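Undergrad: Dropping the structure in here first, questions after.
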Amino acid sequence: MRRARTPAAIGLLAGLGLLLFVLPLAGLILRAPWSQALAELTDPTTTMALGLSIFCSLTATAIALVLGIPLAMILARTRGTVRNVLRALTTLPMVLPPVVGGVALWLAFGRRGIAGSLLYQAFGIQIPFTTTAAVMAETFVAMPFLVIAVEAGLRSLDHRYEEAARSLGAGYWRVLTRVTLPLLRPAIFSGAVLCWARALGEFGATITFAGNFPGRTQTVPIAVYLALETKPEAAITLSLILLVVSVAILVGMRDRWLGAL
Amino acid sequence: MVGRAVTLEAAIRIKRNGFTLDVALSAAVGETVAVLGPNGAGKTTLLRALAGLEDVEGRVTLDGEVLDDTSRGVHVPAEKRRAGLVFQDHVLFPHLSVIENVAFGLRAQRQPRAADVARKWIDEAGLGDRAEALPRELSGGQAQRVALLRALATGPKLLLLDEPLSSLDVSIRAEVRRELTRQLASFNGVRLLVTHDPLEAMALADRLVVLEHGLVVQSGTPGEVTARPRSRFVADLAGVNLLRGEAHGDRVVLAGDASLAAPDAGEGDVFAVIHPRAVALYRTRPDGTPRNVWQGQVDSVDLYGERVRVRVSAPVPLVAEVTRAAVSELGLNPGASVWIAVKATEVSVYPA
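Residue numbers (this note's numbering), protein chains in the order written: chain A, 470 to 730; chain B, 130 to 481.
As C-alpha cells, this is what we get:
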C-alpha cells in the first residue's frame, strides 16, 4: 500500500504538540537537584507526605476493589436506560473537575451535609479535613477507572465458563470465586493499577474536602504544590518520584492500558 | 425403543427470537441417543435446556426426579442437576490445570481427596503425563477427553455431549471416536449427544432423533431412520432420493403433476424413496420394462471415489449413481441431455 504524503503543516503541528509534552518533562529531569535528592527524600515533610500518599492511595484502591467489582457486576448485567443511568453516575467523576467533586463531597459529608450531619449528630463523627476524607476523595475520583475496566472484562467474558462450572455443581459463590474472578484477573489488575495511579495523583478533590494538614491530609501532590513556593528542590524531587511511578505503570501496562478501557 | 426403564423424559418448548423449539424425547439408561439435525435446528438449545441453562416451558424428569415442570413452577438449577454437559469446544477452565479442571466438580460436591480422585480418572484415560498441563497446552483430542472426564468425574446421571467430534481434526477423529465409544459404554447413565454429522451419529448412537426447525421429524434406530427418511436432511445423509406425493393404487402423483409408478403404493400422502443406484441413465429413450422414464438434463456431476453421482433435472429430479466409465461413455457433462429410468419395483413407498 502506498499512502498519500503527509503535508509539512501536519508534521509541524504534531511536532509542536509533542514538544508540549516533552519540554516540561525535560525541564523536570534537567532541573532535578540530583545531588540533593537523597537529602530531600529523607526530609520529614517529604517522607510524611510520601507515606500518607501511599497509605491513602492503596486504601482507596482497596475500597474501590471491594465496592467497584460488585458495581461493575451489576452494570454488566443491566441493559437499556438503567444501564445508561448507572453508567453515567459511575463515570461522572472521571469527567467532573476534581474540585467540584471535593465541593460535592464536602456538601454531602460536611458537618451540615446530608449524610455528614447525621453522622455528626449520631456519632459525633466529622469527616472533612481528616485522613478519611483524603481517602474518600481519592476513592471518589479513582474508582470509576476500576469499574470501567472490570465491566469491560465482564462483558467480554465467555459466560459459558460459568455455565460449565454450574453444570459441574458449583453454586453462585464458587462460580464467582473460582471461575469468574480468576478469569477477570487481567481486567481487575489493570483497573486497579489505573485506579491507584489516579488516586496517587489526586489533588483537587483532596485539598477541597480534606485540606492541607501535614501528616494527616497533605499527600504528595499537595506537598508538591505548596513546596514549589518555598522549597522548589523538594517539589522537583517529589514530582520526579511521581513521574517514575507513572512511567513504571505505563511500561508495565503497555499492552493492557488501552485494552482495558 | 428398547424395553428398559426409561429414565429421561422431556417434553419442552423454548421460544426465542421467533424460533420455537418443541421437543419430546425420552432416553433410557444404557442407550446412546443422538439428536441429529442441520445447523440451526435447535440442538444446542435442547442440550442447554436439559442441563438447566435455559428457561423452558414443559416438563423434564430424570430418574423419577422432576427437573422442570412449568405447570407446578419447578425448576432445578443447573448446579443441582446431576447432568454433565460437554461443550462443543470443551470450555475447559483456562486458568486451571487438567487435574484441577477434572477436580472442579468433585470440589464443588465437597468430596474429600478430590485431587486424588481426579488423578485416577486422568491416569485411567492415559493422560497422566498431562495432569499439570494447562488447557491451552493440550491438543484438540486431549482437550476433548479432559472435558469428558471433567463431566464424568462428578458422577452424573445424564451425560450431554454437544458435537463431541466436530471441533477435531479429521485425522484424529476416528481415534477419539473409538475412545469416546469406550467411555460412553462404561458410563452408567443416560447418554444424549447432539450432532449435525450423520457419521458421528451413526457411529455413536443406538437411537437417532432427527431435529429440524425446532421439531422432531423422525426417530428410531439408525437403520430405521435411513431406510425410511422423512425429511430432505435425512434423505441426503442416507444418500437417497426422497419424493413426496399422493398415492393412488400403484401410482404416486408428485408435485408438478409428474407421476411415479410404484407397486402397492397404497392411498394418501406418502414418501417415495429411490436409491441412486436404482436410477439408470441412457443417451436415447430406453426400451423394455422400466415404467418410470423421463427426459432431462445433467445438472451436476460429483465424484465419490470410483462412483459418480449425477444430478439430473427432469419432471422428477433425481440423483443417479453410476461408474466413472459410464460418465465418459454417456458424455455426462453438465447440460447434457439424458434419459432417466427407474424400475417400479425399485421405488419404496411408505405413509408420510
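We put the CB at the ideal spot given by N, CA and C, even for glycine.
All of these numbers come straight from a predicted model, not from anything done at the bench.
Rounded to the nearest angstrom, what separates A495 (chain A) and L182 (chain B) at their Cα positions?
TA: 59 Å
Undergrad: At a Cβ threshold of 9 Å, is R412 (chain B) touching chain A?
TA: no
Undergrad: I'd like the ranges of any beta strand (DSSP E) spanning at least 3 consecutive residues and lying wholly in the region 284-351 of chain B.
TA: 287-291, 319-324, 336-341, 344-349
Undergrad: With 7 Å as the C-beta to C-beta threshold (strictly closer), list the residues of the region 611-627 of chain A near chain B in chain order.
TA: none
Undergrad: Is the Cβ of G728 (chain A) closer than 9 Å to any Cβ of chain B?
TA: Below a pLDDT of 50, predicted positions are generally treated as unreliable, and G728 (chain A), at 47, falls in that range; the measurement from the model is reported next regardless. Taking 9 Å as the CB threshold, G728 (chain A) stays off the interface with chain B.
Undergrad: Going by alpha carbons, who is nearest to S200 (chain B) out of B:R188, B:R211, B:Y479?
TA: B:R188
Undergrad: On the three-state DSSP scale, how would you describe D245 (chain B)?
TA: It is helical.
Undergrad: Counting only beta-carbon separations shorter than 9 Å, does E353 (chain B) have a partner in chain A?
TA: no
Undergrad: Going straight from the alpha carbon of Q271 (chain B) to that of D218 (chain B), what length do you get?
TA: Taking the Cα positions, Q271 (chain B) is about 12 Å away from D218 (chain B).
Undergrad: For A603 (chain A), which of A:Y630, A:A679, A:R723, A:C664 has the nearest alpha-carbon?
TA: A:A679
Undergrad: Buried or exposed, going by whether 16 or more other CB atoms sit within 10 Å of the CB of H325 (chain B)?
TA: buried
Undergrad: Have a look at A:A674, A:V713, A:M612, A:A584 and flag the residue whose alpha-carbon is nearest the alpha-carbon of V535 (chain A).
TA: A:M612
Undergrad: Just how far apart, CA to CA, sit R472 (chain A) and G484 (chain A)?
TA: 20 Å
Undergrad: As an exercise, report each continuous alpha helix (DSSP H) stretch of at least 4 residues that is fully enclosed by the region 405-469 of chain B, in chain order.
TA: 453-459
Undergrad: For N681 (chain A), I'd like the list of residues in its chain whose CB is within less than 8 Å of its CB, leaving aside the five on either flank, ordered along the chain.
TA: Q687, I691, L695
Undergrad: Please determine, among B:L176, B:P167, B:A455, the residue with the shortest C-alpha to C-alpha distance to L340 (chain B).
TA: Minimum Cα distance to L340 (chain B) is reached at B:P167.
Undergrad: Out of curiosity, what's the CA-to-CA distance linking R320 (chain B) and E435 (chain B)?
TA: Rounded to whole angstroms, R320 (chain B) and E435 (chain B) show a C-alpha spacing of 37 Å.
Undergrad: Rounded to whole angstroms, what is the Cα-Cα separation between L730 (chain A) and A618 (chain A)?
TA: With a pLDDT of only 40 at L730 (chain A), under 50, the local geometry of the prediction cannot be trusted, and the value read off the model is given with reservation. Their backbone Cα atoms lie some 6 Å apart in a straight line.
Undergrad: Is A661 (chain A) closer than 9 Å to R647 (chain A) when the C-beta atoms are compared?
TA: no
Undergrad: What does R548 (chain A) reach in chain B if we use C-beta pairs closer than 8 Å?
TA: By Cβ distance, chain B contributes nothing, its closest Cβ being about 15 Å from R548 (chain A), past 8 Å.
Undergrad: Measuring CA to CA, which of B:H377, B:T452, B:G169, B:L221 is closest to L267 (chain B)?
TA: The candidate whose alpha carbon is nearest that of L267 (chain B) is B:L221.
Undergrad: Leaving aside the five residues before and after P174 (chain B) along the sequence, list all residues of the same chain whose C-beta is less than 7 Å from its C-beta, in chain order.
TA: Reading the sequence as shown, one finds Thr at residue 174 (chain B) and not Pro. Here the set comprises I143, L150, E183.
Undergrad: Near R501 (chain B), which residues of its chain fall below 8 Å by C-beta distance, leaving aside the five closest residues on each side in sequence?
TA: The displayed coordinates of chain B run from 130 to 481. Any statement about residue 501 (chain B) would go beyond what the structure contains.
Undergrad: Thinking just about the alpha-carbon of each residue, which of B:V195, B:V445, B:G374 is nearest to the one in Y479 (chain B)?
TA: The shortest C-alpha separation from Y479 (chain B) is found at B:G374.
Undergrad: Mind pulling the chain A residues with CB within less than 8 Å of L182 (chain B)?
TA: E632, R635, S636
Undergrad: Using DSSP's beta-bridge definition, name the partner residues of F362 (chain B).
TA: F362 (chain B) pairs with nothing; no bridge assigned.
Undergrad: Looking only at its own chain, which residues have a Cβ that is under 6 Å from the Cβ of M130 (chain B), when we skip the five neighbours before and after it?
TA: Annotation note: pLDDT 42 at M130 (chain B) (below 50); position unreliable, coordinate value reported separately. Counting only Cβ-Cβ distances below 6 Å, and skipping sequence neighbours, we find nothing.
Undergrad: Strictly below 7 Å CB to CB, what residues from chain B border V648 (chain A)?
TA: F222
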